[in-house]
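Q: Please see the structure below; I have some questions.
4 protein chains.
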Amino acid sequence: MASEKARASVSNPRAPQQRRGRERVAALMANAAILFVEKGFYATTMTEIAARAGAAIGTLYLFFPTKEALATAILAEHAENLSTQLDALQESAKGLAPAAIADALFDVLGDFLATHPAYSALLDLPGDDGWRRAMRVRRRGQIAALFAQAEPPLPAGQAERLAVIVPQLMRIPLALVGEKKMRDGVLEELRLMLARHLRASAE
Amino acid sequence: MASEKARASVSNPRAPQQRRGRERVAALMANAAILFVEKGFYATTMTEIAARAGAAIGTLYLFFPTKEALATAILAEHAENLSTQLDALQESAKGLAPAAIADALFDVLGDFLATHPAYSALLDLPGDDGWRRAMRVRRRGQIAALFAQAEPPLPAGQAERLAVIVPQLMRIPLALVGEKKMRDGVLEELRLMLARHLRASAE
Amino acid sequence: MASEKARASVSNPRAPQQRRGRERVAALMANAAILFVEKGFYATTMTEIAARAGAAIGTLYLFFPTKEALATAILAEHAENLSTQLDALQESAKGLAPAAIADALFDVLGDFLATHPAYSALLDLPGDDGWRRAMRVRRRGQIAALFAQAEPPLPAGQAERLAVIVPQLMRIPLALVGEKKMRDGVLEELRLMLARHLRASAE
Amino acid sequence: MASEKARASVSNPRAPQQRRGRERVAALMANAAILFVEKGFYATTMTEIAARAGAAIGTLYLFFPTKEALATAILAEHAENLSTQLDALQESAKGLAPAAIADALFDVLGDFLATHPAYSALLDLPGDDGWRRAMRVRRRGQIAALFAQAEPPLPAGQAERLAVIVPQLMRIPLALVGEKKMRDGVLEELRLMLARHLRASAE
DNA sequence: CATGAATGAGTTTTCATTCAT
DNA sequence: GATGAATGAAAACTCATTCAT
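Chains as they are written, first to last, in the numbering used here: chain A, 1 to 203; chain B, 204 to 406; chain C, 407 to 609; chain D, 610 to 812.
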């Protein structure tokens, strides 16, 4: 629908030159992200977003041509952030054992998803979108590469499979809002399960 | 908002007295479920649902006072179905080892989710809903009970944690539409991972 | 809109030959009247009426081709009833003084309106309708005739004016539901006011 | 049903900040009032109202979340207006005889109802509404106070009864559209009737 | 850049009325 | 006569988006 527009704005949310503008944009995106997580993308209103950010609806549209574009901008920013962290991990995890890599990945992903809840909410929106698919493919590739360079390296196939599995595993505890104990327990259970699996696979 | 209406219709989708009516309702729900999965709940139009089911819009509203109510009715039916299967499993899995139970659960859940894709789509709709939460709690309890009666039994805490984890694991391969190989591979990887984890836990 | 249909059915609500049918019709009209008073004509649903009368919607339409026709049938029946009583009064009030006539009229109208609340509700429906206007004109004529034959007779003009005024006066206490005291007090106040007025006019 | 929404908007029809907005709101309310009187509340369409006011349907809903809310806003404005006039009368009528007060009240009410025909149409809508009841109670209190401060003062009970009666009396001539002569005649008849009644009561 | 009133296409929802059984 | 499922035109209402100021 508004895909062309949306696409254009991914790399160019009307790049605000002034500091004031950059702050505005940040506030708009932050508030949109919160609402998208709380009520979902579709149930969130552009007017609501603007109001929550203390801006006028017109101002919101000054920076983001469509609601889709706004979501895409948020997702792009988050994805970029994660991508950078995975790149860093790629360096720092060189030569580690698979289980150690999984552990490091758990830390990075766990942290990232906890602080960027909009990431999953927006990445897994229904309705297939080429852009979003590309984001997923990229992430998959980075994580697969991580496992592929383990010592001993995981077979390509398994690395790829784990690249699909691990990010989804990490989302499980996040759904347990208001059950801190269970949340931490589930995270540990998952961590242990994956570690055992990798150690067993290595034999 | 329309929760009262929606609630009322859960147990009472204007209970159609005649066979003709029951068929209608089934067709409406089936077509709604398909659309909800394909385009998502919010992008699906009541008009569209009626049209796809070959009914008039008024007919749809004759049985479901609200779009929410329609979704709830579908979800309730699917949840009932799953619940029954889990109950059956509870019987047939008596005295099995944890890993064997997990395996059986994988089969049941895998089958169910594959044939009822609307279940996850509707159960995990954003915006917290007491009804949906209750459905999740119920499922969690049933699965926990399953693991708790294993031989040897899993500690209550772990059974509970696995009851949270396993259904989410099963959703992972489902997202891989159009990647049959990967899908099957991921499923096996998950199955193996869980089995190893349970066997290791038992020692 | 449906006036032709409605008109036809005024004198012919599909005259049910059997006793059973006549009872059905009576029940339908009675329940419709109650709902029309309670919630108003527009807020009352044909389905609701049928349900309250323990009949199917189709049965309701068997006797009344439109909602308007149903209202018209009720109104016609009530109007006929009132007309008959006014005719009787015309006889029995011959030669009475204006104030005495007013008093008698108060009794008749008060009783009638109290037992036929739908009469006013339906007669004064918004949207000008020739039929309803005719009903009003007829009533006005009958009451004017009543006053015109008083002893001493009221001037034609005043008789006509009172024929407009008195029925409206009688509606005032009816609005005071749940204030019995006030209701009775208002009725007496009105009765007294009119009596004094007529006595003073006679001098 | 939509009472919460409606209620909120009574005091807050999305308070338009700009002059332009205030004019819009006024035009919408004025046109709605005209249509409500002409065709009745239920037969009047929101679309129709917007069109008559030269606005888009969305604009109408921008200020009034509900048709009910729109009616309530109009009624509130008119009621406020009347209340102010009754307050003024309270001052200017101090020490007058009951009949003189009635006369003054006839003038004020007659004028008000003639220029604000929507007032009665909306105040007496079927279906009991707490808000509307409150409006009526307030008016009753103001008029009763008016009569209670007459010289000589009317007994509290009678003042209260007249507070119920007089506004309804004033509505009688209004129904006589297209019968100017009769209308004026009826008004005078009522005025005379009330004056005589009060004078007689005073003795 | 900023604003917020205005728009109107698109959805949901209602209900009088019809019709096959 | 009786039934109640089915219809669809018409209303209410929403919200992304535009635009004059």
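Glycine included, every Cβ here is placed at the ideal spot set by N, Cα and C.
Which same chain residues end up closer than 8 Å to Arg562 (chain C) when comparing Cβ atoms and leaving out the 5 residues on each side of it in sequence?
A: Locating residue 562 (chain C) in the third sequence gives position 156, counting from the first residue. With the sequence shown as reference, residue 562 (chain C) is identified as Ala, and Arg is not the correct amino acid for it. Result list for Ala562 (chain C): Ala550 and Ala554, in chain order.
Q: How would you list, in chain order, the residues of chain B whose beta-carbon sits under 8 Å from the beta-carbon of Lys180 (chain A)?
A: The residue given as residue 180 (chain A) occupies position 180 in the first sequence. Within 8 Å Cβ-Cβ: nothing; Lys180 (chain A) doesn't reach chain B, min ~13 Å.
Q: With H, G and I counted as helix, E and B as strand and the rest as coil, what does DSSP make of Ala145 (chain A)?
A: Reading the first sequence from its first residue, position 145 is the one you call residue 145 (chain A). Helix at Ala145 (chain A).
Q: Using three-state DSSP, classify Ser3 (chain A) as helix, strand or coil.
A: Here residue 3 (chain A) is taken as the residue at index 3 of the first sequence, counted from 1. Any reading at Ser3 (chain A) must be qualified, since the residue scores a pLDDT of 42, below 50, and its modelled position is unreliable; the value itself is stated next. Of the three classes helix, strand and coil, the one that applies to Ser3 (chain A) here is helix, per DSSP.
Q: Distance, Cα to Cα, Thr84 (chain A) vs Ala102 (chain A)?
A: Sequence index remark: in the first sequence, residue 84 (chain A) carries index 84 (1-based). Sequence index remark: in the first sequence, residue 102 (chain A) carries index 102 (1-based). For Thr84 (chain A) and Ala102 (chain A), the distance between alpha carbons rounds to 17 Å.
Q: For Leu434 (chain C) and Ala459 (chain C), which I take to be in contact (beta-carbon distance under 8 Å), what is that distance rounded to the nearest angstrom?
A: Position 28 of the third sequence holds residue 434 (chain C). Position 53 of the third sequence holds residue 459 (chain C). With 8 Å as the limit, Leu434 (chain C) and Ala459 (chain C) qualify as a contact, their Cβ atoms being about 5 Å apart.
Q: Excluding the five sequence neighbours on either side, which residues of its own chain have a C-beta within less than 6 Å of the C-beta of Leu796 (chain D), listed in chain order?
A: Taking the first residue of the fourth sequence as position 1, residue 796 (chain D) is located at position 187. The answer, listed in chain order, is Pro782.
Q: Can you tell me the Cβ-Cβ gap for Val108 (chain A) and Phe63 (chain A), rounded? I've got them flagged as a contact below 8 Å.
A: Taking the first sequence and counting its residues from 1, the one referred to as residue 108 (chain A) is at position 108. Taking the first sequence and counting its residues from 1, the one referred to as residue 63 (chain A) is at position 63. About 30 Å; that fails the 8 Å criterion.
Q: Alpha carbon to alpha carbon, how far is Leu582 (chain C) from Met744 (chain D)? Give it in angstroms, no decimals.
A: Your numbering for residue 744 (chain D) matches position 135 in the fourth sequence. Your numbering for residue 582 (chain C) matches position 176 in the third sequence. Spanning the two alpha carbons is a distance of roughly 15 Å.
Q: Please determine, among D:Thr675, D:Glu760 and D:Leu684, the residue with the shortest C-alpha to C-alpha distance to Lys703 (chain D).
A: Within the fourth sequence, residue 703 (chain D) is the residue found at index 94, counting from 1. When each option's Cα is compared against that of Lys703 (chain D), the closest is D:Glu760.
Q: Assuming Pro301 (chain B) and Ala405 (chain B) form a contact by the criterion Cβ under 8 Å, report the distance between their Cβ atoms to the nearest whole angstrom.
A: Taking the second sequence and counting its residues from 1, one reaches residue 301 (chain B) at position 98. Taking the second sequence and counting its residues from 1, one reaches residue 405 (chain B) at position 202. 6 Å between Cβ atoms; contact.
Q: Can you find a CB in chain A that lies within less than 8 Å of the CB of His400 (chain B)?
A: Looking up residue 400 (chain B) in the second sequence gives position 197. It does: the Cβ of His400 (chain B) has a partner Cβ on chain A nearer than 8 Å.
Q: Residues of the segment 242-272 of chain B with a CB closer than 9 Å to any CB of chain A: list them in chain order, please.
A: Those would be Lys242, Gly243, Phe244, Tyr245 and Ala246, in chain order.
Q: What residue range is occupied by the uninterrupted alpha helix (DSSP H) comprising Val369 (chain B)?
A: Here residue 369 (chain B) corresponds to residue number 166 of the second sequence, with the count starting at 1. Val369 (chain B) -> alpha helix (DSSP H) spans Ala359 to Leu377.
Q: Tell me whether the beta-carbon of Leu285 (chain B) lies closer than 8 Å to the beta-carbon of Arg343 (chain B).
A: Start at 1 with the first residue of the second sequence, and residue 285 (chain B) comes out as number 82. Start at 1 with the first residue of the second sequence, and residue 343 (chain B) comes out as number 140. Result no, Cβ atoms of Leu285 (chain B) and Arg343 (chain B) do not sit closer than 8 Å.
Q: How about Gly736 (chain D): is its C-beta nearer than 8 Å to some C-beta of chain C?
A: Against the fourth sequence, residue 736 (chain D) aligns to sequence position 127. Cβ-Cβ to chain C under 8 Å: yes for Gly736 (chain D).
Q: Are the CB atoms of Ala276 (chain A) and Leu86 (chain A) nearer to each other than 8 Å?
A: Because chain A here runs from 1 to 203, residue 276 (chain A) falls outside it and cannot be looked at.
Q: Got a sec: is the Cβ-Cβ distance from Ile480 (chain C) to anything in chain D below 8 Å?
A: Translated into the one-based positions of the third sequence, residue 480 (chain C) becomes position 74. Closer than 8 Å: no.
Q: Provide the residue span of the alpha helix (DSSP H) that contains His155 (chain B), from first to last.
A: Limits of chain B in this structure are 204 at one end and 406 at the other, which puts residue 155 (chain B) out of reach.
Q: Whole-angstrom Cβ separation of Ala200 (chain A) and Arg399 (chain B), contact assumed at under 8 Å?
A: In the first sequence, the residue the question calls residue 200 (chain A) occupies position 200. In the second sequence, the residue the question calls residue 399 (chain B) occupies position 196. Their Cβ separation, rounded to whole angstroms, is 5 Å, which keeps Ala200 (chain A) and Arg399 (chain B) in contact under 8 Å.
Q: With a cut-off of 8 Å, does the C-beta of Met170 (chain A) fall near any C-beta of chain B?
A: For the purposes of this step, residue 170 (chain A) is identified with residue 170 of the first sequence, where counting begins at 1. No, its Cβ sits nowhere closer than 8 Å to a Cβ of chain B.
Q: If you run the structure through DSSP and keep just helix, strand and coil, what is Asp111 (chain A)?
A: Taking the first sequence and counting its residues from 1, the one referred to as residue 111 (chain A) is at position 111. In the structure shown, Asp111 (chain A) sits in a helix (DSSP, three-state: H, G or I).
Q: Throw me the rounded Cβ distance for the Gly333 (chain B) and Lys39 (chain A) pair, which I believe falls under 8 Å.
A: By 1-based counting over the second sequence, the position of residue 333 (chain B) is 130. By 1-based counting over the first sequence, the position of residue 39 (chain A) is 39. Between Lys39 (chain A) and Gly333 (chain B) the Cβ distance is about 16 Å, and since that is not below 8 Å, they are no contact.
Q: Can you give me, in chain order, the residues of the segment 548-568 of chain C that have a beta carbon less than 8 Å from any beta carbon in chain D?
A: So the close ones are Gly563, Gln564, Glu566, Arg567 and Leu568.
Q: Going by C-alpha to C-alpha distance, which of D:Arg741, D:Gln751, D:Met802 and D:Thr724 sits closest to Val646 (chain D)?
A: As a first step, residue 646 (chain D) is located in the fourth sequence; it is residue number 37 there, counting from the start. For Val646 (chain D), the nearest C-alpha among the options comes from D:Thr724.
Q: Quick check: is the beta carbon of Val831 (chain D) nearer than 8 Å to any beta carbon in chain C?
A: As shown, chain D starts at 610 and ends at 812. That puts residue 831 (chain D) outside it, with no answer to give.
Q: Give the DSSP-derived three-state secondary structure of Thr44 (chain A) in the structure shown.
A: As a working mapping, residue 44 (chain A) is identified with position 44 in the first sequence. The answer is coil: DSSP assigns Thr44 (chain A) none of H, G, I, E or B.
Q: Alpha carbon to alpha carbon, how far is Leu113 (chain A) from Lys614 (chain D)? Give it in angstroms, no decimals.
A: Within the fourth sequence, residue 614 (chain D) is the residue found at index 5, counting from 1. Within the first sequence, residue 113 (chain A) is the residue found at index 113, counting from 1. Its pLDDT being 41, under 50, Lys614 (chain D) is placed unreliably by the model, and the measurement read from it follows with that caveat. So the alpha carbons of these two residues sit roughly 38 Å apart.
Q: Establish whether the CB of Val543 (chain C) and some CB of chain D are separated by less than 8 Å.
A: Position 137 of the third sequence, counting from 1, holds the residue named residue 543 (chain C). Taking Cβ atoms only, chain D never reaches closer than 8 Å to Val543 (chain C), which makes this a no.
Q: Evaluate Gln424 (chain C) with the Cβ neighbour count: other Cβ atoms within 10 Å of its Cβ, from every protein chain shown; 16 or more gives buried, anything less gives exposed.
A: Taking the first residue of the third sequence as position 1, residue 424 (chain C) is located at position 18. Exposed.
Q: How should Arg631 (chain D) be labelled, buried or exposed, when 16 other C-beta atoms within 10 angstroms of its C-beta is the threshold for buried?
A: Start at 1 with the first residue of the fourth sequence, and residue 631 (chain D) comes out as number 22. Classification for Arg631 (chain D): exposed.
Q: Please list the segments of the beta strand (DSSP E) lying wholly inside the segment 60-87 of chain A, counting only runs of 3 or more residues, in order along the chain.
A: Segments of the beta strand (DSSP E) lying fully in the segment 60-87 of chain A: there are none.
Q: Look at the alpha carbon of Leu778 (chain D) and the alpha carbon of Asp517 (chain C), and state the distance between them as a whole number of angstroms.
A: In the fourth sequence, the residue the question calls residue 778 (chain D) occupies position 169. In the third sequence, the residue the question calls residue 517 (chain C) occupies position 111. For Leu778 (chain D) and Asp517 (chain C), the distance between alpha carbons rounds to 20 Å.
Q: Closer than 8 Å, CB to CB, is Leu122 (chain A) near chain B or not?
A: Walking along the first sequence from the start, residue 122 (chain A) turns up at place 122. Not an interface residue.
Q: Note the first and the last residue of the continuous alpha helix (DSSP H) segment covering Ala324 (chain B).
A: On the second sequence, position 121 is the one that residue 324 (chain B) refers to. That run of the alpha helix (DSSP H) goes Pro320 to Leu326.
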